[in-house]
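So the protein sequences, as listed, match chains V and G. For the first sequence, the numbering used here assigns the number 754 to the last residue and increments by one with no breaks. For the second sequence, the numbering used here assigns the number 754 to the last residue and increments by one with no breaks. Worksheet: the structure to be examined is printed underneath.
Number of protein chains: 2
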Amino acid sequence: MNNIFLEKAGNIDIKLHEKIVNPKSVCSIVEHEDYYNGYGIKEIEPYCGRNVLLNGDICFDFGEHYVGYLSFKLSGIDEVCDSPVKLKFAFAEVPFEFSHKDGNEPGWLSYSWIQEETIFVDILPAEVTLPRRYAFRYVKVEILAKNKRMRLIFEDVKVKAVSAAGFDYKRVVKEDRFSKIDEVSQRTLRDCMQTVYEDGPKRDRRLWLGDIRLQALVNYSTVKDINLVKKCLYLFAGLCDEEGRVPACLYEKPDPMNGEIFLYDYSLLFMAALWDYYKFSGDKEFCEELFDVAYHQFERFYQIVSKEGIVLDQEGWWCFIDWDDELPKPLAMAAIAAYCLNFARDMAAELGKDAQSKEAEKYRLLLCDGAKKYYFNSEKGVFEENGIVSWNVNIFWILAGAVTHDEGRRIMKNLEESAEARLPVTPYVYHYIMESYGVLGMKEEMEKLLSDYWGEMISCGADTFWEAFKKGDSKFSPYDDCVLNSACHAWSCTPIYLIKKYLEE
Amino acid sequence: MNNIFLEKAGNIDIKLHEKIVNPKSVCSIVEHEDYYNGYGIKEIEPYCGRNVLLNGDICFDFGEHYVGYLSFKLSGIDEVCDSPVKLKFAFAEVPFEFSHKDGNEPGWLSYSWIQEETIFVDILPAEVTLPRRYAFRYVKVEILAKNKRMRLIFEDVKVKAVSAAGFDYKRVVKEDRFSKIDEVSQRTLRDCMQTVYEDGPKRDRRLWLGDIRLQALVNYSTVKDINLVKKCLYLFAGLCDEEGRVPACLYEKPDPMNGEIFLYDYSLLFMAALWDYYKFSGDKEFCEELFDVAYHQFERFYQIVSKEGIVLDQEGWWCFIDWDDELPKPLAMAAIAAYCLNFARDMAAELGKDAQSKEAEKYRLLLCDGAKKYYFNSEKGVFEENGIVSWNVNIFWILAGAVTHDEGRRIMKNLEESAEARLPVTPYVYHYIMESYGVLGMKEEMEKLLSDYWGEMISCGADTFWEAFKKGDSKFSPYDDCVLNSACHAWSCTPIYLIKKYLEE
Numbered sequence: 250m251n252n253i254f255l256e257k258a259g260n261i262d263i264k265l266h267e268k269i270v271n272p273k274s275v276c277s278i279v280e281h282e283d284y285y286n287g288y289g290i291k292e293i294e295p296y297c298g299r300n301v302l303l304n305g306d307i308c309f310d311f312g313e314h315y316v317g318y319l320s321f322k323l324s325g326i327d328e329v330c331d332s333p334v335k336l337k338f339a340f341a342e343v344p345f346e347f348s349h350k351d352g353n354e355p356g357w358l359s360y361s362w363i364q365e366e367t368i369f370v371d372i373l374p375a376e377v378t379l380p381r382r383y384a385f386r387y388v389k390v391e392i393l394a395k396n397k398r399m400r401l402i403f404e405d406v407k408v409k410a411v412s413a414a415g416f417d418y419k420r421v422v423k424e425d426r427f428s429k430i431d432e433v434s435q436r437t438l439r440d441c442m443q444t445v446y447e448d449g450p451k452r453d454r455r456l457w458l459g460d461i462r463l464q465a466l467v468n469y470s471t472v473k474d475i476n477l478v479k480k481c482l483y484l485f486a487g488l489c490d491e492e493g494r495v496p497a498c499l500y501e502k503p504d505p506m507n508g509e510i511f512l513y514d515y516s517l518l519f520m521a522a523l524w525d526y527y528k529f530s531g532d533k534e535f536c537e538e539l540f541d542v543a544y545h546q547f548e549r550f551y552q553i554v555s556k557e558g559i560v561l562d563q564e565g566w567w568c569f570i571d572w573d574d575e576l577p578k579p580l581a582m583a584a585i586a587a588y589c590l591n592f593a594r595d596m597a598a599e600l601g602k603d604a605q606s607k608e609a610e611k612y613r614l615l616l617c618d619g620a621k622k623y624y625f626n627s628e629k630g631v632f633e634e635n636g637i638v639s640w641n642v643n644i645f646w647i648l649a650g651a652v653t654h655d656e657g658r659r660i661m662k663n664l665e666e667s668a669e670a671r672l673p674v675t676p677y678v679y680h681y682i683m684e685s686y687g688v689l690g691m692k693e694e695m696e697k698l699l700s701d702y703w704g705e706m707i708s709c710g711a712d713t714f715w716e717a718f719k720k721g722d723s724k725f726s727p728y729d730d731c732v733l734n735s736a737c738h739a740w741s742c743t744p745i746y747l748i749k750k751y752l753e754e
Numbered sequence: 250m251n252n253i254f255l256e257k258a259g260n261i262d263i264k265l266h267e268k269i270v271n272p273k274s275v276c277s278i279v280e281h282e283d284y285y286n287g288y289g290i291k292e293i294e295p296y297c298g299r300n301v302l303l304n305g306d307i308c309f310d311f312g313e314h315y316v317g318y319l320s321f322k323l324s325g326i327d328e329v330c331d332s333p334v335k336l337k338f339a340f341a342e343v344p345f346e347f348s349h350k351d352g353n354e355p356g357w358l359s360y361s362w363i364q365e366e367t368i369f370v371d372i373l374p375a376e377v378t379l380p381r382r383y384a385f386r387y388v389k390v391e392i393l394a395k396n397k398r399m400r401l402i403f404e405d406v407k408v409k410a411v412s413a414a415g416f417d418y419k420r421v422v423k424e425d426r427f428s429k430i431d432e433v434s435q436r437t438l439r440d441c442m443q444t445v446y447e448d449g450p451k452r453d454r455r456l457w458l459g460d461i462r463l464q465a466l467v468n469y470s471t472v473k474d475i476n477l478v479k480k481c482l483y484l485f486a487g488l489c490d491e492e493g494r495v496p497a498c499l500y501e502k503p504d505p506m507n508g509e510i511f512l513y514d515y516s517l518l519f520m521a522a523l524w525d526y527y528k529f530s531g532d533k534e535f536c537e538e539l540f541d542v543a544y545h546q547f548e549r550f551y552q553i554v555s556k557e558g559i560v561l562d563q564e565g566w567w568c569f570i571d572w573d574d575e576l577p578k579p580l581a582m583a584a585i586a587a588y589c590l591n592f593a594r595d596m597a598a599e600l601g602k603d604a605q606s607k608e609a610e611k612y613r614l615l616l617c618d619g620a621k622k623y624y625f626n627s628e629k630g631v632f633e634e635n636g637i638v639s640w641n642v643n644i645f646w647i648l649a650g651a652v653t654h655d656e657g658r659r660i661m662k663n664l665e666e667s668a669e670a671r672l673p674v675t676p677y678v679y680h681y682i683m684e685s686y687g688v689l690g691m692k693e694e695m696e697k698l699l700s701d702y703w704g705e706m707i708s709c710g711a712d713t714f715w716e717a718f719k720k721g722d723s724k725f726s727p728y729d730d731c732v733l734n735s736a737c738h739a740w741s742c743t744p745i746y747l748i749k750k751y752l753e754e
């Protein structure tokens, strides 16, 4: 731990903006196969501040996704409140989360992520604030027990929404056809921007390095805040382990703590995040402070690169790449490293660290050469490993500069036409496909993918962009149960940045 | 409503004493037919301030019944807390309350009375205080969801116990054979003495007139507090309805409010409570203030008494008598009224209200004569109504002074020997049997009943005296499910008063 960095992180005061929001409507939850994953929300009436619950379940729709604190006034009519009122609240980012039933839990993550509360109110009338922060658009209320003759009235149901980004939405894209994507991107970013850049405000709320890099890019295009980025980068730098490894994720509370997970790909992306920050802010002093931490990740990485430029798969090293267990990882890891070495080279050069700049470029070239020599299948016109072709590997070689733009465009075309090329499963990797199209000037393809992937999510009801999305597999989940997925996830909010950078430049 | 009385009640500041108590032991809950209603508590180890929960349920035994607020420190070992911890707490006054299962709910009271909480703790370590006040000796903790590899540590588990009576227990009986009954009686009173005299701190927490009369008697023998009694009597007087009826019960919070229940027997007992207060405190001024309210209840009652001294059963009037639906009520009501008229007569005389004193005595005699003429079965030697003989009716005629002490003793003997005499089902009525024995000087019988009823409750595991108890019917409940019964109930705590007044005088 580096206490100076942690202290500096602690000294950056993040003000959370607040907004009080009432529900837009009172609804019922409808189970029907026409809806995405079988669950939909049907408006009963607009919310008008006062609602009588007739002993039945009810659902409030807040009109859009928020992160915040739910409160309401509760009173009884017809009869005195002679016994406590027992209520259950279930929160959902997307309607199909309401399909969750206790006991039916095939997923491998803790079901404590399901956002719900069971409360007792002893005395009516009462003003109640539920005890935690929730990420949701919909909230279902069930009356579990009460004086049966008494009917309950909910009044002034509201969420105190919080975000470090604030609630003044301004569209940043120029063209109308992107307006919905702009709105959903910005809402996703807004709801993930809390006292750190959370990866998902429902789950898992940690600060992840791969995610913050993407969030910060979107932030530079929209909110233009630098404090939260600085705080987060200080936290990562401050929480390196005794070997100097930047953690892949960290906890801010109760005290900053690394998440005990170290991933090669994420650790190298620290340099990318630093470079992006520099490009936006011009703050050389801050980059100087964190450069050694960022570059040390590469020095560690160099040790697992062979003379031929091949990453040696070995016990005890982990990288994320994507939520795809069948994808061989060494080649993908090499590609990402080569991509990140560009930032290391440029950052070092900018700071006058010529030796390191040269070293970075040397390794980048070594990796690129190794890949082209040993892993490029000239017949298929793509990189492959163990006979497996993936978008994942190829796009990072393009971004790394291993191939010319012409070669890159041919690779992209070959991938598009390939029946075997493994598709990514997370918006995180789709971002880098988009970036590749962008770098290669393939605007048409880029816009098609934007529409096919993020646009499709919106068609499926996304109000904020999702953690995981596989077209044609609505139940896909990295955790074996889609109700555990986060439906407002940092790494998915990049379309707005991509549009501004490549489609409207 | 009489706002002057309510204001005076509000001006009496009741200080709640507090005591911090740790559990005595860490236990498991055992289901076995040897235990009362099939549930027992088995000590695993003494509580030593730090306990590791190995992914299983655990139970803390606080050694005795308390009313208060549960808190603890929670932390994790072996693994980082990467997801919220979801815990369920179930509180029990007696072990068999743990038999309750959601969905298996045959009772007719709201199951919101079952004391439990399900909470989520997002961040560890945490100091947690559960949100409500609970009445319990045992608390079961279930881990519903968490990071499976992390084990949880509970530390500093404690209850902040509260009572207006305080926690300095002093035995008041002289003889050792009464010591356990003294302890359980005083604990029952202590835990019911909160900001009002609650009938039961688990359920239903209201202030009931029949109950407070008995609690106050015990208080005069033990705690000797007068403020709480005054506050409660002011509340009843302040919450009369537009016809001047004293309510049978009331709510103190959020603002004092009558319980919308009016019972003739309870309303007349207001005078008994006033008289008892006078005898203890000598505070004539207070009694003067409330006399009219108390006497008005009799004036209303006189209207349903026939010239023959018979209470006219009629639509729309209610009395409690006992939790026994098959007991005919008019004769019992007449007996209770005649009993209460003694207090009305004496209180009026003490305050120089001769006309009312005479009127009260006139009605008392009228009722007694009517009962003896129309309802005394000379063959059986007991009062009966519609062919039904009950202890309930007979004891109140004895207490009313309808018969001489010799006649009274014969009646008691006849009841004892009768196979048909209906027994009471609540300690509330058993109190008045005891009082009858006491008045009649039948010490031996009184002590036998003390042992057979309250002593038997203790043998069955009572730590505080119960709301309802029927020897040989452990599942008896006025609410059709014994888990809804209150196991710490005001009206059951009188043995200590009875012992002091009749057995150790």
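All C-beta atoms, glycine included, are put in the ideal place defined by N, C-alpha and C. Here the structure is a predicted model, which means the values were calculated and not measured.
N- and C-terminal bounds of the beta strand (DSSP E) containing residue i
{"i": "E376 of chain G", "result": "375-378"}
{"i": "V408 of chain V", "result": "400-412"}
{"i": "F340 of chain V", "result": "334-341"}
{"i": "Y500 of chain V", "result": "498-500"}
{"i": "I392 of chain G", "result": "383-394"}
{"i": "K322 of chain G", "result": "307-326"}
Cα-Cα separation, residue i to residue j
{"i": "L336 of chain V", "j": "T367 of chain G", "result": "12 Å"}
{"i": "Y624 of chain V", "j": "A339 of chain V", "result": "50 Å"}
{"i": "Y588 of chain G", "j": "S348 of chain G", "result": "41 Å"}
{"i": "N663 of chain V", "j": "L576 of chain V", "result": "19 Å"}
{"i": "I278 of chain G", "j": "T675 of chain G", "result": "28 Å"}
{"i": "L379 of chain G", "j": "A586 of chain V", "result": "49 Å"}
{"i": "A609 of chain V", "j": "R462 of chain V", "result": "20 Å"}
8 Å Cβ cutoff met for residue i and residue j
{"i": "Y527 of chain V", "j": "M596 of chain V", "result": "yes"}
{"i": "M695 of chain V", "j": "G704 of chain V", "result": "no"}
{"i": "A584 of chain V", "j": "F540 of chain V", "result": "no"}
{"i": "F254 of chain G", "j": "G459 of chain G", "result": "no"}
{"i": "Y500 of chain V", "j": "A258 of chain V", "result": "no"}
{"i": "A341 of chain V", "j": "F385 of chain V", "result": "yes"}
{"i": "A542 of chain V", "j": "V495 of chain V", "result": "Just to set this straight, residue 542 of chain V is Val in the shown sequence, not Ala. For V542 of chain V and V495 of chain V, yes; Cβs fall inside 8 Å."}
{"i": "E447 of chain G", "j": "A739 of chain G", "result": "yes"}
{"i": "A465 of chain G", "j": "A413 of chain G", "result": "no"}
Where residue i falls, given that 16 or more other Cβ within 10 Å makes a residue buried
{"i": "T653 of chain V", "result": "exposed"}
{"i": "T782 of chain V", "result": "Shown here, chain V extends from 250 to 754; a query on residue 782 of chain V therefore has no answer."}
{"i": "K749 of chain V", "result": "buried"}
{"i": "Q546 of chain G", "result": "buried"}
{"i": "M250 of chain V", "result": "exposed"}
{"i": "L648 of chain V", "result": "buried"}
Residue i, enclosing alpha helix (DSSP H) - first and last residue
{"i": "L616 of chain G", "result": "603-624"}
{"i": "D655 of chain G", "result": "654-666"}
{"i": "H545 of chain V", "result": "533-551"}
{"i": "H680 of chain V", "result": "676-688"}
Q: Could you tell me whether the segment 322-332 of chain G touches the segment 378-397 of chain G, where touching means 3 or more Cβ pairs closer than 8 Å?
A: yes
**Q.** the segment 447-456 of chain G / the segment 413-428 of chain G touching (three or more Cβ pairs under 8 Å)
**A.** no
Q.
With three or more C-beta pairs closer than 8 Å as the rule, is the segment 729-744 of chain G touching the segment 352-363 of chain G?
A. yes
Q. Below 8 Å, can you find three or more Cβ-Cβ pairs linking the segment 473-482 of chain G to the segment 504-514 of chain G?
A. no
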